[in-house]
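Read through the structure below, which is laid out as structure tokens, and then see the notes.
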Amino acid sequence: MFDVPRLIEALQFEGETVSRYRVARPTTTSGLQGIPQRRRWRAKPSGVRASQLRKYSELGFTTLEPNTKWGIDIVRVRTAEA
């Protein structure tokens, strides 16, 4: 689904001359609305997260041989589905 500025841009690219309200009126009456962009990451104030973090040594990541344990940390991968 498109929001009004994107619709205006697409129509103007095709050569149509439209105003914002002319596009917004049918969009709102038909119940269409854009999908909002997800919030971006913001830095937390210093000291807030430090007490919540644990050291890797406390989690049991010690090994006797190299290449026996591997780890990765993926917070989020944005896809079209979610």
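Start counting the sequence shown at 1; every next residue gets the next number (full-length UniProt numbering).
Heads up, the beta-carbon is just placed ideally off N, CA and C, and yes, glycines get one too.
Cutting at 8 Å between CB atoms, please list the residues of its own chain near VAL4, excluding the five before and the five after it.
The answer, listed in chain order, is ARG20, VAL23, ALA24, THR27 and GLY34.
The alpha helix (DSSP H) spanning VAL23 covers which residue range?
20-29
Return no unless some Cβ of chain B is closer than 8 Å to the Cβ of GLU16.
Among the chains of the structure shown, chain B does not appear; only one protein chain is present.
For ARG40 and ALA80, what's the separation of their Cα atoms in angstroms?
17 Å
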